[in-house]
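> The sequence shown begins at 1 in the working numbering and counts up by one.
C-beta: ideal position from N, C-alpha, C; glycine also.
All values derive from a computational prediction rather than experimental measurement.
Mind looking over this structure? Questions follow.
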Amino acid sequence: MEKYKNLAYKISIFLILLFGIFIRIKLYLVSDVFEDDECRLGLSMFGKNVWQMFLPLGPLSSTPIFMFISKIIADISNYNEYALKFLPFVFSILSLGLFYKICNEYFSRKISTVISTYLFSVNLYAIYFSSIFKTYSLEIFISLLCLYYLPKINIANLNTKQVIITAASIAILPLISLPSLFFIGLFFLVNIFENYKNKTFYKKLGIICIPFLIIFATYYFVNLLPTKIMQMTGYSQLWQDVYSIPLISGIVIILNSLLDPNNYVLCTFITIISSTVYVITTKQEHTKFNFYLYTILLSTFFVNYFHLYPTAIGRTAVYMLPVLIIVLVKLIDVLRVKSILFYIIVLFFVIGTYKYYLPSHLYQINDLTSKFRNYAPKSLLLELKEKYNVKTDYIIAPDASLYSFCYYAERMNFEHFSEKKYLKHINLIPVRIQDNSPQDTVWEVYNNLDPQYNYWFYLIKEYAGSNERAYTIEWLEKQNILYKKQDKDSYLYYISGVKKVNYKN
């Protein structure tokens, strides 16, 4: 009987991992465009050499080593989207195997490994970031790497070669993934607690700490601090809103984001508390791995509250996703229920909780496209480029579409990009309307356009919670439309002159 259980376990894990890989490949294959944040990152690399990637690149940049490697790829591939998304894609695939390896070592019950591996393999955030030109997939992988290796390392027991390798790894990690600092801090804390009476330990600790402190201090003052100042200046309202979120609300935002579409936040929160209490009160659970696991979990909930790291944005807490899933499943792992029916009910509850994680939903390529890639910046810009008249036409690009326009205009040699003036020789009007502005405010902006010109409206996407594009399209439909085209959920309008439209409540 045990033989068949092991076979069923291996088959289940194989199919789960296979599906996780398959769905990431499907998404990668349809990821032939950049969205807003990816375009901003791409724009930050234009006109710079690879060594400038270690310098501040603007308010929306990324970690130096990721940017350095990406710049090399960009120069070789001419900023090809598949090439620049390849690094996150590969690390997303590698994360699947590493997560399973951790769960297989950590959990005492095979059903726990099956459930946790399934939740991680089909998590919408993990899938989405697998094909996004940002560091989020790398942050998940580095989080897993730290969780797997750091609890096993006792600095006092390392030989000279191992100390040098550890020192190099610790020094480099923050340059790849900034949240690795949470794990590194715990690593030093645990080792000091274990070896504070060992005199030879401090020599090895110094060899590891000194390069880390020198490199991180240089990174902080040369790159990170200037970038933070630019962010606080350019997006002051965003950071003010993020850091003003109360602790409980911040926790709810993190859980809702990472476990989207989780509709059982209270249940999830109770499970986390129960799991944490069990680990604290059970002597055999007092392991280094659990200390890392639960300290990282709890610190993630508090760092936003103390203005240390903006985890309440959601995606910035994505490094904590594997930790959260393991903690949630931990309670199932420690229950001493032997009934198969119980675990069947648990499995159905898990699937029901994360209804969009069902293979039948994720398998459909249309679902993938509409969920993650429902915009068309390239095709609409080609249309605009072909028909644009510099003497009579102005281009209107609302805030959520502006960087898509600038990036692909440069890529397609529409005109030359200028950081301060946006595009040379193109009559571009960046429309910046405050989020959640009422319809009359949006219409007033467009009513004040000069009626003697024609206008192209380049509407690629809309920020979450905003009605700006809907208001814009409603206003456009009352104008003299010469041309319009829709591709996926993106729109291109060409109107002759401007007719003032009065808003009536």
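Which value, in whole angstroms, describes the spacing of the CA atoms of P246 and G58?
Numbered from 1 along the sequence shown, position 246 holds the residue referred to as residue 246. Numbered from 1 along the sequence shown, position 58 holds the residue referred to as residue 58. Roughly 29 Å separates the two Cα atoms.
> Could you tell me the alpha carbon to alpha carbon distance between Y79 and Y106, rounded to whole angstroms?
Taking the first residue of the sequence shown as position 1, residue 79 is located at position 79. Taking the first residue of the sequence shown as position 1, residue 106 is located at position 106. Using only the alpha carbons, I get a separation of about 41 Å.
> Under the DSSP definition of a beta bridge, which residues are partnered with I395?
The residue labelled residue 395 in the question sits at position 395 within the sequence shown. Answer by DSSP bridge pairing, in chain order: L428 and W456.
> Does DSSP classify D487 as helix, strand or coil?
The residue given as residue 487 occupies position 487 in the sequence shown. Strand, per DSSP.
> Go through the stretch 12 to 86 residue by residue and report every complete run of the alpha helix (DSSP H) that reaches 4 residues or more, in order.
Within the stretch 12 to 86, the complete alpha helix (DSSP H) runs of at least 4 residues are 36 to 45 and 64 to 77.
> Under 8 Å by Cβ, that's how I've got I69 and F183 pegged, so tell me the actual separation to the nearest angstrom.
Position 69 of the sequence shown, counted from the first residue, corresponds to residue 69. Position 183 of the sequence shown, counted from the first residue, corresponds to residue 183. Rounded, the Cβ-Cβ distance is 22 Å, inconsistent with contact.
> So, is W443 buried or exposed, given that buried needs 16 or more other C-beta atoms within 10 angstroms?
For the purposes of this step, residue 443 is taken as residue 443 along the sequence shown, with counting starting at 1. Burial call: buried.
> Does the Cβ of T282 have 16 or more other Cβ atoms within 10 Å, making it buried, or fewer, making it exposed?
Stepping through the sequence shown from its first residue, residue 282 is reached at position 282. When all chains shown are included, T282 counts as exposed.
> Assuming W456 contacts L402 under a Cβ cut-off of 8 Å, what Cβ separation, rounded to an integer in Å, is found between them?
Position 456 of the sequence shown, counting from 1, holds the residue named residue 456. Position 402 of the sequence shown, counting from 1, holds the residue named residue 402. Rounded, the Cβ-Cβ distance is 13 Å, inconsistent with contact.
> Three or more C-beta pairs closer than 8 Å, one from the stretch 444 to 455 and one from the stretch 378 to 395: is that the case here?
Output reads yes: the stretch 378 to 395 touches the stretch 444 to 455.
> Could you tell me the alpha carbon to alpha carbon distance between T300 and T311, rounded to whole angstroms?
Here the question's residue 300 lines up with position 300 in the sequence shown. Here the question's residue 311 lines up with position 311 in the sequence shown. Between T300 and T311, the C-alpha separation is close to 7 Å.
> Which one of P377, S404 and S116 has the shortest CA to CA distance from I508?
Coverage of the chain is limited to positions 1 through 505, which leaves residue 508 absent and any answer about it impossible.
> Please work out which residues of its chain come closer than 6 Å, Cβ to Cβ, to Y493, disregarding the five sequence neighbours upstream and downstream, and give them in chain order.
Here residue 493 refers to the residue found at position 493 when the sequence shown is read from its first residue. Counting only Cβ-Cβ distances below 6 Å, and skipping sequence neighbours, we find F457, L476 and K484.
> Using the Cα positions of R411 and I251, report the straight-line distance between them to the nearest angstrom.
Along the sequence shown, read from residue 1 onward, the residue named residue 411 stands at position 411. Along the sequence shown, read from residue 1 onward, the residue named residue 251 stands at position 251. Cα to Cα, the separation comes out at about 40 Å.
> My output table needs one value for L482: the three-state DSSP class, helix, strand or coil.
Counting from 1 along the sequence shown, the entry for residue 482 is found at position 482. Three-state result, L482: strand.
> Cutting at 7 Å between CB atoms, please list the residues of its own chain near E35, excluding the five before and the five after it.
Here residue 35 is taken as the residue at index 35 of the sequence shown, counted from 1. Closer than 7 Å at the Cβ level, and outside the excluded window around E35, lie Y375 and K461.
> Exposed or buried, which one is Y128 when buried takes at least 16 other CB atoms within 10 Å?
The residue given as residue 128 occupies position 128 in the sequence shown. Y128 comes out buried.
> Could you tell me the alpha carbon to alpha carbon distance between G20 and K26, rounded to whole angstroms?
By 1-based counting over the sequence shown, the position of residue 20 is 20. By 1-based counting over the sequence shown, the position of residue 26 is 26. Their Cα atoms are separated by approximately 10 Å.
> Using a Cβ-Cβ cutoff of less than 6 Å, which residues in the same chain neighbour P179 once the five nearest sequence positions on both sides are dropped?
Here the question's residue 179 lines up with position 179 in the sequence shown. Closer than 6 Å at the Cβ level, and outside the excluded window around P179, lie E139 and Y319.
> Should T166 and L158 be called a contact, given that it needs their Cβ atoms to be closer than 8 Å?
One-based indexing of the sequence shown puts residue 166 at position 166. One-based indexing of the sequence shown puts residue 158 at position 158. Yes, Cβ-Cβ distance for T166 and L158 is below 8 Å.
> Do L43 and Y503 count as a contact pair if the criterion is CB distance below 8 Å?
In the sequence shown, residue 503 corresponds to position 503, counting from 1. In the sequence shown, residue 43 corresponds to position 43, counting from 1. Result no, Cβ atoms of Y503 and L43 do not sit closer than 8 Å.
> Tell me which residues share the same chain as L324 and place their Cβ nearer than 7 Å to its Cβ, disregarding the 5 neighbours each side in the sequence.
Position 324 of the sequence shown, counted from the start, is the residue given in the question as residue 324. Here the set comprises L258 and L297.
> Drop a sphere of 10 angstroms on the beta-carbon of L60, count the other beta-carbons inside from all chains shown, and report buried for 16 or more, exposed for fewer.
Reading the sequence shown from its first residue, position 60 is the one you call residue 60. Buried.
> Indicate whether the contact test is met: 3 or more Cβ pairs, each with one atom in the stretch 266 to 275 and one in the stretch 209 to 226, closer than 8 Å.
No, the stretch 266 to 275 is not in contact with the stretch 209 to 226.
> Taking just the CA atoms, how far does R469 sit from Y243?
On the sequence shown, residue 243 is found 243 positions in, with the first residue counted as 1. On the sequence shown, residue 469 is found 469 positions in, with the first residue counted as 1. One C-alpha to the other measures close to 28 Å.
> Kindly indicate the opening and closing residues of the alpha helix (DSSP H) around Q439.
Taking the first residue of the sequence shown as 1, we reach residue 439 at position 439. Counting along the chain, the alpha helix (DSSP H) containing Q439 begins and ends at Q439 to N447.
> Within this structure, are the beta carbons of Y148 and I102 separated by less than 8 Å?
Reading the sequence shown from its first residue, position 148 is the one you call residue 148. Reading the sequence shown from its first residue, position 102 is the one you call residue 102. For Y148 and I102, yes; Cβs fall inside 8 Å.
> Which class does L158 belong to by DSSP, given the choice of helix, strand or coil?
What you label residue 158 is simply residue 158 of the sequence shown in a count that begins at 1. If DSSP states are grouped into helix, strand and coil, L158 belongs with coil.
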